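In what follows, a single structure is set out as structure tokens and then discussed.
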Amino acid sequence: MFNRNNIPSMPNPFGSRPDASQRPSQHNYDRAPQQQPPPNRQQGGYDPRMGGGYSDQAPQYGGQPGMPPRRAPPQQQGRGQSENVVQLRPIKSPGGNAFAFGNLAAVCPQDFPSAQGDIYILINGTYVLTARPTSGCQPREIGLTDAQRTWAGITLGPNEIVNVSTYDAFGPNSLYLGNISVEVGFASRKSTDTQYDQDELAAQVIKTFSEQMLAPGQSLLMDYKNIPLRLNVKSVELTDLASIEKQGAGAGQTRSDPQARGFLFNQTKIDFFKDPRSEIKLKPSNRRPAANSIITPDFKFEAMGIGGLDNEFSAIFRRAFASRIFPPGLVDRLGIQHVRGMLLYGPPGTGKTLIARQIGKMLNAREPKVINGPEVLNKYVGASEENIRKLFADAEKEYKEKGDESGLHIIIFDELDAVCKQRGSGAGGGTGVGDSVVNQLLSKLDGVDQLNNILLIGMTNRMDMIDEALLRAGRLEVHMEISLPDEHGRHQILNIHTTKMRTNKIMDTDVDLAELAKVTKNFSGAEISGLVKAASSFAFSRHIKVGTMAGIKDDVENMKVNRSDFINALDEVKPLFGVSEEEITKRINRGIIHYSPFIDNILQQGRLFVNQVRATDNATSMLSVLVHGPPGSGKTALAAKIAIDSEAPFIKLISPGDMIGYSEMQKVQQFDKIFRDAYKSPMSVIVIDNIELLLDWVSVGPRFSNTCLVALKALLEKQPPKDRRLIILATTTERSVMQQLNLRFNQQIAVPNVNKQEELANILKQSSKFEDEDIRRAIGEIQEVTGSKSIGVGIKDVLLGIETATSSGGDDLAGTFASVMTGKIAENL
Numbered sequence: 001m002f003n004r005n006n007i008p009s010m011p012n013p014f015g016s017r018p019d020a021s022q023r024p025s026q027h028n029y030d031r032a033p034q035q036q037p038p039p040n041r042q043q044g045g046y047d048p049r050m051g052g053g054y055s056d057q058a059p060q061y062g063g064q065p066g067m068p069p070r071r072a073p074p075q076q077q078g079r080g081q082s083e084n085v086v087q088l089r090p091i092k093s094p095g096g097n098a099f100a101f102g103n104l105a106a107v108c109p110q111d112f113p114s115a116q117g118d119i120y121i122l123i124n125g126t127y128v129l130t131a132r133p134t135s136g137c138q139p140r141e142i143g144l145t146d147a148q149r150t151w152a153g154i155t156l157g158p159n160e161i162v163n164v165s166t167y168d169a170f171g172p173n174s175l176y177l178g179n180i181s182v183e184v185g186f187a188s189r190k191s192t193d194t195q196y197d198q199d200e201l202a203a204q205v206i207k208t209f210s211e212q213m214l215a216p217g218q219s220l221l222m223d224y225k226n227i228p229l230r231l232n233v234k235s236v237e238l239t240d241l242a243s244i245e246k247q248g249a250g251a252g253q254t255r256s257d258p259q260a261r262g263f264l265f266n267q268t269k270i271d272f273f274k275d276p277r278s279e280i281k282l283k284p285s286n287r288r289p290a291a292n293s294i295i296t297p298d299f300k301f302e303a304m305g306i307g308g309l310d311n312e313f314s315a316i317f318r319r320a321f322a323s324r325i326f327p328p329g330l331v332d333r334l335g336i337q338h339v340r341g342m343l344l345y346g347p348p349g350t351g352k353t354l355i356a357r358q359i360g361k362m363l364n365a366r367e368p369k370v371i372n373g374p375e376v377l378n379k380y381v382g383a384s385e386e387n388i389r390k391l392f393a394d395a396e397k398e399y400k401e402k403g404d405e406s407g408l409h410i411i412i413f414d415e416l417d418a419v420c421k422q423r424g425s426g427a428g429g430g431t432g433v434g435d436s437v438v439n440q441l442l443s444k445l446d447g448v449d450q451l452n453n454i455l456l457i458g459m460t461n462r463m464d465m466i467d468e469a470l471l472r473a474g475r476l477e478v479h480m481e482i483s484l485p486d487e488h489g490r491h492q493i494l495n496i497h498t499t500k501m502r503t504n505k506i507m508d509t510d511v512d513l514a515e516l517a518k519v520t521k522n523f524s525g526a527e528i529s530g531l532v533k534a535a536s537s538f539a540f541s542r543h544i545k546v547g548t549m550a551g552i553k554d555d556v557e558n559m560k561v562n563r564s565d566f567i568n569a570l571d572e573v574k575p576l577f578g579v580s581e582e583e584i585t586k587r588i589n590r591g592i593i594h595y596s597p598f599i600d601n602i603l604q605q606g607r608l609f610v611n612q613v614r615a616t617d618n619a620t621s622m623l624s625v626l627v628h629g630p631p632g633s634g635k636t637a638l639a640a641k642i643a644i645d646s647e648a649p650f651i652k653l654i655s656p657g658d659m660i661g662y663s664e665m666q667k668v669q670q671f672d673k674i675f676r677d678a679y680k681s682p683m684s685v686i687v688i689d690n691i692e693l694l695l696d697w698v699s700v701g702p703r704f705s706n707t708c709l710v711a712l713k714a715l716l717e718k719q720p721p722k723d724r725r726l727i728i729l730a731t732t733t734e735r736s737v738m739q740q741l742n743l744r745f746n747q748q749i750a751v752p753n754v755n756k757q758e759e760l761a762n763i764l765k766q767s768s769k770f771e772d773e774d775i776r777r778a779i780g781e782i783q784e785v786t787g788s789k790s791i792g793v794g795i796k797d798v799l800l801g802i803e804t805a806t807s808s809g810g811d812d813l814a815g816t817f818a819s820v821m822t823g824k825i826a827e828n829l
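In UniProt numbering, the protein residues as written are 1 to 829.
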């Protein structure tokens, strides 16, 4: 190395950069002039004070601005390790962020007395670093950052010693970095959702580490806009001065061995790749050649028109496309193959087909081939299999010609379950066509002649119907659930579907998309689109002339879609999966009457169980609760109240009345469907009313359906998928029967009858139908007839008695009610 302080002023071959005071972590010295005699070397470094020095004449450079300098001829300069090797003990870097973010090693000034500034050092004969003498290091110590120690394989053990010598970097055969591939990610928990422009990031890397020597495997830390980033050099492309002047900085040979080091200068081209372990977001670089980029350079995610699927898109890209970004040689050295198929599954209307179509637009690939499942089938023998072969014909032809350099061929297979049902299930009308189609597809995806340039994207609502062989690794190995959007996703979708309304100022200012996103629980993307259309129809109706079907009012230009239009649309558009609001509310149409502390305790218990399941840090993902009590005691109403108060996105009621005429297998299929639907929502509540009737249990016989019993037992014990929560509320009047059938529940809630006169008085008072005198007289007459203060009647019978008394039209309201109630009490004796 040479003394930087005595060099006369000369053009900077690395481009215009800040001086040393502005860049504390970088060098700021220029190179030796070509026509000067070499300075003497002392301990491997150049020192102009030791008899050599520089001439006063102006330096001569043969390069152009922004190019590296020409070097002295071979007989004038050397390159490599100096004669003196110092053994130093590694310590943690004492230089703080200036050294960590500048990739600088710290050395003791006494160990390198000739150094007047930053120097190059060679560690263990292999690793070259830039070092800065600092008082923070004691003699015979070298301060290395974590990244440097990891790269060089150095520990901080008490007996660890490294061999260090100054490194003469400016020999006649000095190499430069023409291209480098860098993997970038966040170096700490501090992160941002802002996308990083790769061209700006490359400029910052060159500014920070200019004139440093970099090699494959080297790890760097860089502070970029107050966020620390970790840069891992994956591969380098080296070039010499003659190649740069003749062909440009990009000419050279790719090397990945540790000795393949070169100088970073301002014409080095940098290709960035996202660290798959990091959440950093990179914008596509316009500098990267199109052949190496699978993403269209001018692609914008906003143009896809898809909302609420950010995580899904990230996972799809990581699994299916990340390996295709890297050079084929690197992937070959890893010994892996690209993903050839993925399956998108989930409820209807969640955007599966839209995603598949938009993936083709975002990629530098041919226009995707789109085929619907039923279109494959053909009445002629062998024609269905031929249709499958035609889908892969172009990809096969190109792969034979170009091998791994072949472009990507995307095949989109909608309604995959139509032709890829389980083999042996009789699909295809008993002709075996369905089995043959599956076999043909399997052979093309993962047969003897494997293709590495295809991506098959299948879509289905019924993943359970698809042949298992098609779902294994090597075929449709990526299974991505496109589920119902959450509140944030619904807000994105609403924003997409109302963009033109807002841009053209047709949507009124009282419309709050955040409010709509909150109330549209379990709406799919398609249902949100339908909601916007329905709201628009209400806006249209306000501007139609009365008495006409085609007459339009003159003020149509002032039409606005307002909040009331969306509220009205919510009454028309209902989610396919969600709260069975009408069925649930029917069970509590009379409301919940808090006539006793028992009622408050029951509701409190229900809230406790719901919160137990809802807590994400809790291991309980599924809880079954049996609500038992006498007939008419209000079990179903209380279970429905607990379900509604849970505010779960999915609430479903299973009632015997909805399954009249169902066979045992039809009941089992309905049970299975409801539970599968519940698993699609992050939080679900299923209310099973009169569970003993669903099991066909009767006391005479007795008799029950073993098929339904086994199915319910299995469903009550089956844990929901990951990140899904489920609570099951079952009601019964036959608790002893549940015990006999060994139908177990995690928790139980007992619902009593109205047993005390005080409880009956509270009910009558809350009904607002009776005066205090009427209440006392009615209770007195009941006691006089029954001879007891005990009531022992369900709340349902009490409410029916009140309605009977008030609808009788007589003057003796208390007497009529007492007469009805004594009859009910006698029935229960």
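Built from N, CA and C at the ideal position, the CB exists for glycine as well. Fair warning: this is a prediction, and the values are worked out from it, not measured in the lab.
Quiz item: Can you list, in chain order, the stretches of the alpha helix (DSSP H) that have 4 or more residues and sit fully within the stretch 117-202?
Solution: 146-152
Quiz item: Rounded C-beta distance between D677 and F577? I'm assuming under 8 Å.
Solution: Yes, they are in contact, since the Cβ atoms of D677 and F577 sit about 5 Å apart, within 8 Å.
Quiz item: Between the C-alpha atoms of D414 and G661, what's the straight-line distance to the nearest angstrom?
Solution: Separation of D414 and G661 (C-alpha to C-alpha, rounded to the nearest whole angstrom) is 35 Å.
Quiz prompt | Pairwise C-alpha distance: A514 and E487 | solution = 8 Å
Quiz item: So Q666 is in the beta strand (DSSP E); what residue range does that whole segment cover?
Solution: Run containing Q666: none in the beta strand (DSSP E); it sits in the alpha helix (DSSP H), E664 to Y679.
Quiz item: What does a CB cutoff of less than 6 Å around P94 pick up in its chain, not counting 5 residues either side in sequence?
Solution: Short of 6 Å from the beta carbon of P94, and not among the five residues preceding or following it, lie these beta carbons of its own chain, in chain order: A106, G136 and G143.
Quiz item: Are at least three pairs of beta-carbons, each pair with one atom in the stretch 760-769 and one in the stretch 600-613, less than 8 Å apart?
Solution: no
Exercise. Enumerate in chain order the residues of its own chain whose CB-to-CB distance from R277 is below 7 Å, with the five nearest sequence positions on each side excluded.
Key: G185
Quiz prompt | Reduced DSSP secondary structure (H/G/I, E/B, other) of L484 | solution = coil
Quiz item: Of the choices N753, K769, I775 and P649, whose alpha-carbon is the least far from that of K796?
Solution: Nearest of N753, K769, I775 and P649 to K796, Cα basis: N753.
Exercise. Please confirm if the stretch 199-211 is in contact with the stretch 84-93, defined as three or more CB-CB distances below 8 Å between the two stretches.
Key: no
Quiz item: Alpha carbon to alpha carbon, how far is L309 from S807?
Solution: Linking L309 to S807 through their CA atoms gives a straight-line distance of about 56 Å.
Quiz item: Does the separation of the CB atoms of V561 and S536 fall below 8 Å?
Solution: yes
Quiz item: Taking C-alpha atoms, which residue in K521, P630 and I206 lies nearest to V489?
Solution: In the sequence as presented, Val is not what sits at residue 489; that position holds Gly. Ranked by how close their Cα comes to the Cα of G489, the residues K521, P630 and I206 have K521 in first place.
Quiz prompt | Span of the alpha helix (DSSP H) around Q612 | solution = P597 to R614
Practice problem: Tell whether a beta-carbon distance below 8 Å holds between V751 and L638. | Solution: yes
Quiz item: Using the C-alpha atoms, what's the distance from R333 back to L238?
Solution: Cα atoms of L238 and R333: separation of roughly 20 Å, rounded to the nearest angstrom.
Practice problem: Within its chain, find whatever has a CB closer than 6 Å to the CB of L129; leave out the 5 residues flanking it on each side and keep chain order. | Solution: A105 and I121
Practice problem: Would you kindly work out how many angstroms separate the C-alpha atoms of V687 and I802, rounded to a whole number? | Solution: 28 Å
Exercise. Just the C-alpha distance for R724 and A711, rounded to the nearest angstrom, thanks.
Key: Taking the straight line from one Cα to the other gives about 21 Å.
Quiz item: Taking C-beta to C-beta, are P720 and S621 nearer than 8 Å?
Solution: yes
Exercise. Give the range of the alpha helix (DSSP H) segment to which D510 is assigned.
Key: It is not in any alpha helix (DSSP H) - D510 carries neither H nor E in the DSSP assignment.
Self-check item: Close-in-space but distant-in-sequence residues of the same chain around S181 (CB under 7 Å, 5 per side omitted)
Solution: Excluding residues within five positions, the ones whose Cβ falls inside 7 Å are K234, S235, D271 and F273.
Quiz item: Can the beta-carbon of Q612 be found less than 8 Å from the beta-carbon of L623?
Solution: yes
Self-check item: Buried versus exposed, by CB contacts within 10 Å (16 or more), L476
Solution: buried
Self-check item: Under the three-state DSSP convention, the category G351 falls into
Solution: coil
Quiz item: If you follow the alpha helix (DSSP H) that E237 is part of, which residue opens it and which one closes it?
Solution: Annotation: E237 is outside any alpha helix (DSSP H); the continuous beta strand (DSSP E) that includes it extends over I227 to T239.
Practice problem: Select from V438, L416, P90 and A619 the residue whose C-alpha is nearest the C-alpha of G424. | Solution: Considering only alpha carbons, the answer is V438.
Quiz item: Helix or strand or just coil, what does DSSP make of D797?
Solution: Shown here, D797 sits in a helix according to DSSP, grouped into three states.
Quiz item: Can you tell me whether P702 is buried or exposed, with buried defined as 16 or more other CB within 10 angstroms of its CB?
Solution: exposed
Quiz item: So what does H409 bridge to, in DSSP terms?
Solution: For H409, the beta-bridge partners assigned by DSSP are I454.
Exercise. Determine the closest residue to C108 out of T194, F101, G117 and G102, with distance taken between C-alpha atoms.
Key: Of the candidates T194, F101, G117 and G102, the one whose C-alpha sits nearest the C-alpha of C108 is G117.
Quiz item: Which residues in the same chain as Q212 place their Cβ atom closer than 7 Å to its Cβ, once the five residues preceding and following it in sequence are excluded?
Solution: N103, T130 and L264
Quiz item: Nearest to Y127 by CA position, among F112, N742, G262 and K673, is which residue?
Solution: Of the candidates F112, N742, G262 and K673, the residue whose Cα lies closest to the Cα of Y127 is G262.
Exercise. Could you spell out where the alpha helix (DSSP H) holding K574 opens and where it closes?
Key: Run containing K574: none; DSSP gives neither H nor E here.
Exercise. Could you please give me the residues that DSSP links to A648 through a beta bridge?
Key: When DSSP reads this structure, A648 sits in no beta bridge, so it has no partner.
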